[in-house]
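Residue numbers (the working numbering), protein chains in the order written: chain A, 1 to 252; chain B, 1001 to 1096. By construction, the Cβ of each residue, glycine as well, lies at the ideal position given by its N, Cα and C atoms. Model, not experiment: these values are computed from the prediction.
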Amino acid sequence: MNVTANAYGANEEQPIPGPNPPDDGKVQSAAVESVVQLGQTAVPTPESNVFCLTIIGQIEGHLMLPPQNKTTKYEHVIPQLVAVEQNPKIEGLLIVLNTVGGDVEAGLAIAEMIASMSKPKVAIVLGGGHSIGVPIAVSADYTFIAETATMTIHPIRLNGLIIGVPQTFEYLDKMQERVTRFVTGHSKVDEHTFKELMFKTGELTRDIGTTVIGQDAVKHGLIDEVGGLGRALSHLNRLIAERKLGQRGVYQ
Amino acid sequence: MNLYTPMPLELVLDGWSRGPGPLVDVTAGGITMRVQPVAPGIGKIERIISAPLEYYLLQAYAPGQMVCYAPANADTEPATVRTNADSPPDPYLLPY
C-alpha cells in the first residue's frame, strides 16, 4: 500500500496497481472498479468549467430588505463575477434568472459587470425576469427564455417623498433612460418597441406596461431563443469552444 | 433607493420598521463576515465583508448559510467577534 495525502491534507492508503485481478464472475462494486481502473479508491470528481449564477427574488441594493423577501445581494454577486473572470478553471458563466426586479442601481451594476466580462456567458430566464431583471437577462452573450417564463416591462417609479416639481419627472426620465439604453444596446429590441411595451396601457391590472411571455420576448428581440437548460448549456459549451479556438489562433 | 419591481411595495417593505436583527462581525480563517447570531457561536451569514476572491465562489460562504464561529477546542484560536455598532448589544453574542 502507498500512503499519499489527498486534497484535504489527510493521509489515505492507496493500493499499488498490479496485474489484472482474478475474474471471479461477481459483479464488482464501483469502488473495486475504481481500484482496477485508476489504482485508487478515491475517484476524482469531475470539476465543472461552468459557473452557475442564480439571480432570484428581489435584487437587494443599498438597503437590507425585510426578511420575508428572498434576495440576491449585489455586494456578493459582484465579487463572484470578479472571481469567475479571474479563475482560470472557469471558462463560462450560466446565469439563471427568476427575479421580480429590485434596486435599479444594484441591478444595473450587475448587468454592466456581466456585459463587460470577457468569458462566454449565457442567460436563461425561468419563471420570470421582471423589471430590472430585463437588463440583467440581456447582458449575456446569448439569452434563452423558457416557453412559460414572463418578463414584465413597465416604467420605473420613485419611492419615498416625491416633490411635485418638473425636475422630479426629468429625474425619473433619466433613470428610465439608463434602463432603456442598456436594454436596447445589448439586445435586438429597438428603442421605439421597448418604450411602446413600457408605456402600454390595458395590459397590467395595477400598472402600465406589458408582460411578454416566452415566444413574445423572442419576437420583440429582447431574448434570442426559446429554450431550456439543455439548449443553454450546449450553446455555452459552443461559445467556450469558439473562444478557445480564437485564443489558439492568437497565440499561433 | 429606487425599487423597480412589479411586486406591491407594501409586500416588499412589510416589516421594514422592525429592522434587521442584531448583527455581529466575525473574523475567522482570514474571512470577515457579518452574521446574524441564531445560537451561541452559530450565525447566519448576512454578507462577507472581506475574504479571498475564491471564497465568493463557495456555496458554504454564501449569504444565508449557517456558520459556526465558536472554537472547536481550547487550543484553537477563537474567532474575533465584534458587535456591530448599529445593533443593540447582546451579551450572549460575545462568548470570548
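Reduced DSSP secondary structure (H/G/I, E/B, other) of residue i
i	result
E91 (chain A)	coil
L258 (chain A)	No answer is possible for residue 258 (chain A): it lies beyond the span of chain A, which begins at 1 and ends at 252.
K188 (chain A)	coil
V165 (chain A)	coil
I159 (chain A)	One point to set straight first is that residue 159 (chain A) is Asn, not Ile, in the sequence displayed. If DSSP states are grouped into helix, strand and coil, N159 (chain A) belongs with coil.
M113 (chain A)	helix
I136 (chain A)	helix
F51 (chain A)	strand
G57 (chain A)	strand
T71 (chain A)	strand
I213 (chain A)	strand
T201 (chain A)	coil
I153 (chain A)	strand
A1085 (chain B)	In this prediction, A1085 (chain B) scores a pLDDT of 45, lower than 50, which makes its location untrustworthy; the coordinate-derived value is nonetheless stated afterwards. Coil.
P79 (chain A)	helix
G39 (chain A)	coil
E63 (chain A)	Contrary to the premise, residue 63 (chain A) reads as Leu rather than Glu in this sequence. It is coil, neither helix nor strand.
H220 (chain A)	coil
DSSP beta-bridge partners of residue i
i	result
R1034 (chain B)	B:D1025 and B:R1047
L1003 (chain B)	A:D103
A1039 (chain B)	B:I1042
F144 (chain A)	A:I124 and A:E225
N98 (chain A)	A:I56
V1067 (chain B)	B:G1043
Own chain residues within Cβ distance below 7 Å of residue i, not counting five before or after
i	result
T54 (chain A)	V96
N155 (chain A)	Strictly speaking, residue 155 (chain A) in this sequence is Pro, with Asn absent from that position. Excluding positions up to five away in sequence, the list reads Q176, M198, F199, I208 and G209.
G1041 (chain B)	C1068, Y1069, A1070 and P1095
Q80 (chain A)	L53
L236 (chain A)	V50, G92, L94, P120 and V122
H192 (chain A)	none
G57 (chain A)	N69, K70, T71, T72, T99 and V100
G127 (chain A)	N98 and A149
Beta-carbon proximity check, residue i vs residue j, cutoff 8 Å
i	j	result
E75 (chain A)	R1047 (chain B)	yes
L1003 (chain B)	D207 (chain A)	no
I223 (chain A)	T143 (chain A)	yes
E1010 (chain B)	A83 (chain A)	no
D1014 (chain B)	P66 (chain A)	yes
P1006 (chain B)	T148 (chain A)	no
A140 (chain A)	I110 (chain A)	no
T184 (chain A)	F194 (chain A)	yes
L254 (chain A)	R178 (chain A)	The shown model of chain A, from 1 to 252, leaves out residue 254 (chain A), and the question about it has no answer.
Residues near residue i by beta carbon distance below 6 Å, same chain, minus five either side
i	result
G133 (chain A)	L97, T99 and G101
I213 (chain A)	T150
L1057 (chain B)	none
A137 (chain A)	L97, A123, V125, G129 and T143
T201 (chain A)	I208
P22 (chain A)	Low confidence applies to P22 (chain A): its pLDDT is 46, below 50, so where it sits in the model is not reliable enough to give any reading.
Supposed contact pair residue j and residue i - C-beta distance, whole angstroms, cut 8 Å
i	j	result
K89 (chain A)	E47 (chain A)	7 Å
G228 (chain A)	M1001 (chain B)	With 8 Å as the limit, G228 (chain A) and M1001 (chain B) do not qualify as a contact, their Cβ atoms being about 34 Å apart.
G1045 (chain B)	P1063 (chain B)	A small correction: the amino acid at residue 1045 (chain B) is Ile; Gly does not occupy that position in the sequence shown. Going by Cβ atoms, the distance from I1045 (chain B) to P1063 (chain B) rounds to 5 Å, so yes, they are a contact pair.
P1008 (chain B)	P1022 (chain B)	About 29 Å; that fails the 8 Å criterion.
A1051 (chain B)	G1019 (chain B)	No, A1051 (chain B) and G1019 (chain B) are not in contact; Cβ-Cβ is about 26 Å, not under 8 Å.
Any non-hydrogen atom of the ligand GTP within 7 Å of residue i CB
i	result
G128 (chain A)	Although the ligand GTP was asked about, the structure shown includes no ligands whatsoever.
Own chain partners of residue i with C-beta closer than 8 Å, once the 5 adjacent residues on each side are dropped
i	result
E203 (chain A)	G209, T210 and T211
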